[in-house]
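In my numbering, the protein residues as written are 176 to 373.
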């Protein structure tokens, strides 16, 4: 397997855990994305969004969205490993949408959690990560957000990520509806940009 092929391989459960361990460690800046679900949401927004973004731009944004703070790597080997894991996860999401977009599921739908509180935190993290991904190229997202109908597609991310105050005012049934709508809305966002709406 050459290096190009190896970067197309999805992360194993163990590798996802290893990557999350690094995100949660003292090696990363305080403002960095702090869970594997948040990272997955972030990368999903980049994949389904209006333009392809170079890793040299999206990777530093993981660590700090405002001050360009960088993580501390204990060695060149660790830096290479973390960057490869990030590239592979990004590529696996892109492959999912290129080959079978309608089967997309966010990471929190692929995991089993110990309790409801842990799953709710994972959903909030994922949704928040998606909004961070939108923020990286917020000017490019403007056409979707300025149209009332298409702007509804990002409503689950803003509510579940607690970007708005709506979460605390919604009954549990409506929150569950938003969780159920989220994967389908992400798929619609993907098609929105690829059907000449940008």
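From the three backbone atoms N, C-alpha and C, an ideal C-beta is built for every residue, glycine too.
Bear in mind the structure is a predicted one, so any value in this text is a computation, not a measurement.
**Study point:** CB contact flag (residue 238, residue 225, <8 angstroms)
**Key:** On the chain shown, residue 238 is found 63 positions in, with the first residue counted as 1. On the chain shown, residue 225 is found 50 positions in, with the first residue counted as 1. Contact flag unset, no.
Point to revise | Counted within 10 angstroms of its Cβ, other Cβ atoms place residue 327 as buried (16 or more) or exposed | key: Sequence index remark: in the chain shown, residue 327 carries index 152 (1-based). By the 10 Å Cβ count, residue 327 comes out exposed.
Review point. Can you tell me where the alpha helix (DSSP H) with residue 247 in it begins and where it stops?
Key: Taking the chain shown and counting its residues from 1, the one referred to as residue 247 is at position 72. No alpha helix (DSSP H) contains residue 247, which DSSP labels as neither H nor E.
Point to revise | DSSP state of residue 365 mapped onto helix, strand, coil | key: Sequence index remark: in the chain shown, residue 365 carries index 190 (1-based). Residue state, collapsed to three classes: helix.
Exercise for review: Can you have a look at residue 343 and say buried or exposed, based on whether 16 or more other CB atoms are within 10 angstroms of its CB?
Suggested key: Here residue 343 refers to the residue found at position 168 when the chain shown is read from its first residue. With fewer than 16 other Cβ atoms within 10 Å, it is exposed.
Check your understanding: How big is the Cα-Cα spacing for residue 358 and residue 204?
Key -> For the purposes of this step, residue 358 is taken as residue 183 along the chain shown, with counting starting at 1. For the purposes of this step, residue 204 is taken as residue 29 along the chain shown, with counting starting at 1. Cα to Cα, residue 358 sits roughly 30 angstroms from residue 204.
Review point. Which residues mark the beginning and the end of the alpha helix (DSSP H) in which residue 330 is found?
Key: The sequence position of residue 330 within the chain shown is 155, counting from 1. 330-335 is the span of the alpha helix (DSSP H), which, as asked, contains residue 330.
Exercise for review: Name the residue from 305, 219 and 215 whose alpha carbon lies nearest to the alpha carbon of residue 375.
Suggested key: The question about residue 375 has no answer here: the residues shown for the chain are numbered 176 through 373.
Check your understanding: With 16 as the cutoff for other CB atoms within 10 Å, does residue 200 come out buried or exposed?
Key -> The count along the chain shown starts at 1 and reaches residue 200 at position 25. Residue 200 should be labelled exposed.
Check your understanding: Assuming residue 331 and residue 353 make a contact with CB atoms under 8 angstroms, what is their CB distance in whole Å?
Key -> Here residue 331 refers to the residue found at position 156 when the chain shown is read from its first residue. Here residue 353 refers to the residue found at position 178 when the chain shown is read from its first residue. Confirmed, Cβ separation roughly 4 angstroms.
**Study point:** Close beta carbons around residue 363, own chain, < 6 angstroms, minus the five adjacent residues each side
**Key:** As a first step, residue 363 is located in the chain shown; it is residue number 188 there, counting from the start. Only 328 meet the Cβ criterion.
Exercise for review: Helix, strand or coil for residue 374, going by three-state DSSP, please let me know.
Suggested key: Nothing about residue 374 can be read from this structure; the chain reaches only from 176 to 373.
Review point. With 16 other CB atoms within 10 Å as the buried threshold, where does residue 281 fall?
Key: Here residue 281 is taken as the residue at index 106 of the chain shown, counted from 1. Buried is the call here.
Exercise for review: Verify whether the separation of the beta carbon atoms of residue 207 and residue 300 is less than 8 angstroms.
Suggested key: Numbered from 1 along the chain shown, position 32 holds the residue referred to as residue 207. Numbered from 1 along the chain shown, position 125 holds the residue referred to as residue 300. For residue 207 and residue 300, no; Cβs fall outside 8 angstroms.
Check your understanding: Going straight from the alpha carbon of residue 337 to that of residue 351, what length do you get?
Key -> Residue 337 sits at position 162 when you count from the first residue of the chain shown. Residue 351 sits at position 176 when you count from the first residue of the chain shown. Approximately 14 angstroms, taken between the alpha carbons.
Point to revise | For residue 258 and residue 284, the rounded distance between their alpha carbons | key: Along the chain shown, one-based indexing puts residue 284 at 109. Along the chain shown, one-based indexing puts residue 258 at 83. Roughly 25 angstroms between the two C-alpha positions.
Point to revise | Exposure label - residue 321; buried when at least 16 CB within 10 Å | key: Counting from 1 along the chain shown, the entry for residue 321 is found at position 146. Exposed.
**Study point:** For residue 290 and residue 349, the rounded distance between their alpha carbons
**Key:** Residue mapping note: residue 349 aligns to position 174 of the chain shown, counting from 1. Residue mapping note: residue 290 aligns to position 115 of the chain shown, counting from 1. The straight-line gap from Cα to Cα measures roughly 20 angstroms.
Practice item. Would you identify the three-state DSSP class for residue 211, choosing helix, strand or coil? Key: Counting from one through the chain shown, the residue named residue 211 turns up at place 36. Note: residue 211 maps to helix in three-state DSSP.
Review point. Tell me which same chain residues have a C-beta within less than 7 angstroms of the C-beta of residue 298, skipping the five on either side of it?
Key: Stepping through the chain shown from its first residue, residue 298 is reached at position 123. 283, 335 and 354, listed in sequence order.
Exercise for review: Spatial neighbours of residue 360 within its chain, please: CB distance less than 7 angstroms, with the 5 preceding and 5 following residues excluded, ordered by chain position.
Suggested key: As a first step, residue 360 is located in the chain shown; it is residue number 185 there, counting from the start. Hits under 7 angstroms: 328 and 331.
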